[in-house]
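Asker: In my numbering, the protein residues as written are 28 to 1004.
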């Protein structure tokens, strides 16, 4: 039995009973749902006689549900909007829904904050502290117990205007697991964050079919099996390098830059001051201003002229541009009023509306009006120009192996590519390491390859990496979150060199591509020393002309070649004539066509023509990653620039292989024979798209299904940016919001992991699992392998009703109970994940065990048992069916005893038990007969339910039989598969 108490306000100390059958009060209907994955809810339907009828105020009225037997509080919650109804008999009723007190957590919004180096408990307390500051006392929580831990407690968590409940779910539960449990106790709300809530009842009497549980339903869904896992990480956000904006933030309203001379050069500060004052300044004008500075002060910010007429008048000129005090006060800006700060004088100079004509050598003075009272932009402390990390040494010649890019002496590196600039102690002595560019420190870490490292992000979009110089963390003087300026000391070098890397890519993405020469990394030398790059890239072309340097695939260059080949009536030819594709486009084969197409698209000047065997290596060395390999005969969603290679590596030379390239997401280009429109009337280059004959899909299907020998193919995808696409399944080609980190860089170019034992059972079934917070491919690979280890082949849910269980009330959500049912599963501990309690008819309540997920071995064992158990199950159902039919025609105590024996010791006719309990154990035959008749009446009333249950059993048998036949290699009718 259950008792419900209502409170008009959540702060009321005394309530009133609205449901308690023991004292004759009952709601018309009531259902309490307790769930491990959803907010607990209560639905109450009341008539006019109930005390709560017409009094419910949404969000104010609260109710509590108690188990009458032990006074345990099962639910406390607040009312939502009521529904009103008039029955056909004229009776008015109202239905109310109540939600559990954890819904208080949606009443607060977490302001934007970044929290680092916090344990899960500390982070939860931060969220609850903010929640409590926004809500009244009765909605506040106390964090009581936290057992969830995180191996990476230094995770940076960003909260961005979410409700507290959403923030907890996204940043804690969905990220590192665990369960949130709330409890109302002693007039207070408590919140627990538990790794594994509930208790295991393995030593208690198990739930066993035909003993203490009448039945169990199980649903097996092998459609959720994954046999080829594609682990995906966080989304990649890219920024194209823009070396012209070294000193400005991305949006132009919050600027950062150098405010002092860099190695004696005021040029960067002049440019930054002009940007701050929203005026343009040419290189010639910068040169003129520098000449004025040299003439007036020789670069000194504090020098005072005490000998001219201004000095005689008591207002000596002073500082960088030799302003006199009254003039400086007229043009200076609020907050920049120190005449002896050079940058303040530069701002005052640009605040003269006539500065372009007023600034000249041989004496200058402002004549125009004042442009601004306050600086028109926000200047933030990061930023600054570029400077050497060892400024006392000037700019010296680097050894070739220390330079960025590909140079002699650097062959020991993968691909011969160096992603930064090395400052060795021999050429650049000194222990203090100065920051080469102003930035905010975003990461300090350690890696087995680079040891201790520092990463800073500047407001103009650069990630600056300092590594391989620091022997320990104590050698690093800055902290994460700290702003540092150009030339500020950030640590001590005690190793043989400092490596400086510069990129505008996300650091984790860039680090994973440390040896990939595709424009991810930028040459630091021209930035630091304002010189031209000495880098010799693996692709021999000017960096400024390179689409790879800008992360872009110039697909149109290849398409133009394709059109020239069509105009030239290209004839398919292997052997030496295939090289004609490079000159007059008269001849080519499939691989020479694709080779030249890609070389044009990436502006590669080395005109090597590859075959289907060597093309793999060329693509991997020029910005492509292996996206797929296998024997699928269905083409996945394609992307501009994708390269298809057909034929297994090692077996695809000559006519045994084929290759083609994607013009866009819907169109493939190839050089081949056999299609209409070929040479000599047309050309042996073809375009298969949406409206062509064949279409792209039909073209691929034809090759796949008519391949001579073993069908196997590879798909390579460009890792940089591609042109925007207006059609196809891949909308937009640039690597930005839709592209995620993969394991390809650390998995031999493959972005997937095969699960051979699953593939034997189910074939190849691709599936994606995403970890939104992981950017490191190596960490992503580890996650993927761990997921496979715990791979779950199917989802089973076991549902039973209250009438089928002894002591239904003792089962608690989150607790685990031993479950034995030889027909549907192995012996196992299953968790109660939800209960639906009918307050008026407890025997109609239901309970769900599980959302239990089984491994592949469980799945296979399940079917092994079917062959042994299916006949037994058929027999049991047949016997029960016969007995029920007998009971419909008239029954006896003997027959009832037979049913009880078949189904176990459970008292099946629950209503009989209730009835007998009220009759003071009358033993005369008349009372026993009346009791039997009552049971029979109940069974007759449930006749349709019984029929349906029998039909379900029969259908289950048929389904299991059919599945068993298929697994054993045949159909139900005995024929082969």
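Every residue gets a Cβ at the ideal spot worked out from N, C-alpha and C, and that includes glycine.
The structure presented is a predicted model; accordingly, all values stated were derived computationally and were not measured.
Kindly identify the DSSP beta-bridge partner or partners of residue 126.
Answerer: DSSP output for residue 126 lists 68, 105 as bridge partner(s).
Asker: Verify whether the separation of the beta carbon atoms of residue 444 and residue 542 is less than 8 Å.
Answerer: Yes; because the gap between Cβ atoms is below 8 Å, this pair is in contact.
Asker: Is it right to say residue 305 is buried, meaning 16 or more other beta carbons lie within 10 angstroms of its own, or is it exposed?
Answerer: Classification for residue 305: exposed.
Asker: When we look at the beta-carbon of residue 412 and count the other beta-carbons within 10 Å, is it buried (16 or more) or exposed?
Answerer: Buried, by the Cβ-count rule.
Asker: Just list the residues that DSSP pairs residue 31 with in beta bridges.
Answerer: DSSP, once it has assigned bridges, lists 46, 92 as partnering residue 31.
Asker: Could you check the C-alpha separation between residue 448 and residue 388 for me, to the nearest Å?
Answerer: C-alpha separation (whole angstroms): 39 Å.
Asker: Since residue 464 sits in a beta bridge, which residues does DSSP pair it with?
Answerer: BP columns for residue 464 point to 413.
Asker: Hey, which unbroken runs of the alpha helix (DSSP H) at 4 residues or more fall wholly within the stretch 506 to 565?
Answerer: Here the runs fully enclosed are 534 to 539, 551 to 556.
Asker: Taking the C-alpha atoms as reference points, what is the distance between residue 622 and residue 703?
Answerer: Looking at the two C-alpha atoms, the distance is approximately 24 Å.
Asker: Which residue wins for smallest C-alpha separation from residue 96, given the options 127, 49, 75, 137?
Answerer: Nearest option by C-alpha distance: 49.
Asker: Could you check whether residue 136 and residue 66 sit closer than 8 Å to each other, using their CB atoms as the reference points?
Answerer: For residue 66 and residue 136, no; Cβs fall outside 8 Å.
Asker: Secondary structure at residue 393, three-state DSSP: helix, strand or coil?
Answerer: If DSSP states are grouped into helix, strand and coil, residue 393 belongs with coil.
Asker: May I have the straight-line CA-CA distance separating residue 124 from residue 198, to the nearest angstrom?
Answerer: Going from the Cα of residue 124 to the Cα of residue 198 covers about 29 Å.
Asker: How do the stretch 493 to 509 and the stretch 423 to 439 stand: do at least 3 beta-carbon pairs fall below 8 Å, yes or no?
Answerer: The answer is no - the stretch 423 to 439 does not touch the stretch 493 to 509, with fewer than three Cβ pairs under 8 Å.
Asker: With 16 as the cutoff for other CB atoms within 10 Å, does residue 498 come out buried or exposed?
Answerer: It is exposed - the Cβ of residue 498 has fewer than 16 other Cβ atoms within 10 Å.
Asker: Quick one, which of 708, 685, 337 has its alpha-carbon nearest residue 698's?
Answerer: Among 708, 685, 337, the Cα nearest to that of residue 698 is on 685.
Asker: For residue 277, does the count of other Cβ atoms within 10 angstroms reach 16, so buried, or fall short, so exposed?
Answerer: Note on residue 277: pLDDT 35, under 50, position unreliable in the model; no value is reported.
Asker: With distances taken from CA atoms, which of 402, 325, 324 is nearest residue 303?
Answerer: Comparing Cα positions, the closest option is 402.
Asker: Skipping 5 residues on each side, what residues in its chain have a beta carbon closer than 6 Å to that of residue 645?
Answerer: Here the set comprises 637.
Asker: Output the distance between the C-alpha atoms of residue 539 and residue 836, rounded to the nearest integer angstrom.
Answerer: C-alpha separation (whole angstroms): 55 Å.
Asker: So the candidates are 479, 462, 397, 668; which of them puts its Cα closest to the Cα of residue 582?
Answerer: Of 479, 462, 397, 668, the residue nearest in Cα terms is 668.
Asker: With DSSP collapsed to three states, give me the class of residue 57.
Answerer: Reduced to three states, the DSSP call for residue 57 is strand.
Asker: What's the C-alpha gap between residue 594 and residue 615?
Answerer: Spanning the two alpha carbons is a distance of roughly 14 Å.
Asker: Taking the alpha-carbon positions, what's the residue 555 to residue 718 distance?
Answerer: If I take the Cα positions, the gap works out to 53 Å.
Asker: Could you give the DSSP three-state label for residue 83: helix, strand or coil?
Answerer: Coil, per DSSP.
Asker: Are the stretch 770 to 786 and the stretch 510 to 524 touching by the rule of at least three beta carbon pairs closer than 8 Å?
Answerer: Touching, no.
Asker: Under the three-state reduction of DSSP, which class applies to residue 490: helix, strand or coil?
Answerer: If DSSP states are grouped into helix, strand and coil, residue 490 belongs with the strands.
Asker: Between the Cα of residue 425 and those of 740, 715, 456, 395, spot the shortest distance and give me the residue it belongs to.
Answerer: With distances taken between Cα atoms, residue 425 lies closest to 456.
Asker: Excluding the 5 residues preceding and the 5 following residue 744 in the sequence, name in chain order all residues of the same chain whose CB lies nearer than 7 Å to its CB.
Answerer: Here the set comprises 651, 652, 654, 666, 669.
Asker: Decide if residue 99 is buried, meaning its Cβ has at least 16 other Cβ atoms within 10 Å, or exposed.
Answerer: That one is exposed.
Asker: Output the boundary residues of the beta strand (DSSP E) element that contains residue 793.
Answerer: Residues 793 to 797.
Asker: Tell me which same chain residues have a C-beta within less than 7 Å of the C-beta of residue 495, skipping the five on either side of it?
Answerer: Excluding sequence neighbours, residue 495 sits near 477, 478, 522, 524, 525, 526.
Asker: Could you tell me which residues DSSP pairs with residue 599 in its beta bridges?
Answerer: Residue 599 pairs with 615.
Asker: For the beta strand (DSSP E) that residue 425 lies in, which residues bound it at each end?
Answerer: That residue, residue 425, is in no beta strand (DSSP E); it is neither H nor E in DSSP.
Asker: Does the beta-carbon distance from residue 358 to residue 385 come in below 8 Å?
Answerer: No, the pair does not count as a contact, with Cβ atoms beyond the cut-off.
Asker: Helix, strand or coil: which one does DSSP assign to residue 728?
Answerer: It is helical.
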